[in-house]
Each structure stands twice: as C-alpha cells, then as structure tokens.
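Note that my numbering numbers the sequence shown so that position 38 is 305, with each residue one more than the last.
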Amino acid sequence: MSAIMPQGELLTRAFKWIAETLAEKPQADPHRILDEAGMRFNLSPAEGGQLLRLILHPPDTPQDTQ
C-alpha cells in the first residue's frame, strides 16, 4: 500500500538521490540519472524539468552578474 506524501516530498527525495548518485559516479550522464529518478520516484515531466535545471545550474553556483 502506498503512503500519501506531502506535495514536493517525492521531488525532494529524487533530488537527494540524484545528488548522491552523481557524487558516487561523477562521470555518469546527468540526463540518464534524471530519467532513472523519474521512474523511481514517479515524477511528472514538469518535475523532471525542475530537477534538470537544478542539476545543470545549482542555485549556489556563482553566476556572472555583469
């Protein structure tokens, strides 16, 4: 039986799993890892897009503001 989770909980778990997987396998293809996370955590295409943006452009990455 599946438990009801708060909105965004699966997205949070998927992000943590992706981060751990990429830390263990830095040479891994992020798109492939993202596809696997989508299947493991039953993510919507929109959620997958959010994760892809976070993976490719982490929020704590300094960006050129000039």
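We treat Cβ as the ideally placed atom computed from N, Cα and C, and that holds for glycine. If you're wondering where the values come from, they're calculated on a predicted model, not measured in any experiment.
- request: Tell whether a beta-carbon distance below 8 Å holds between ALA281 and ALA313.
  value: Position 14 of the sequence shown, counting from 1, holds the residue named residue 281. Position 46 of the sequence shown, counting from 1, holds the residue named residue 313. Result no, Cβ atoms of ALA281 and ALA313 do not sit closer than 8 Å.
message: Quick check on PRO293: does DSSP put it in helix, strand or coil?
response: As a working mapping, residue 293 is identified with position 26 in the sequence shown. DSSP places PRO293 in coil when its eight states are reduced to three.
message: I need the DSSP call for GLY315, collapsed to helix, strand or coil.
response: In the sequence shown, the residue the question calls residue 315 occupies position 48. It is helical.
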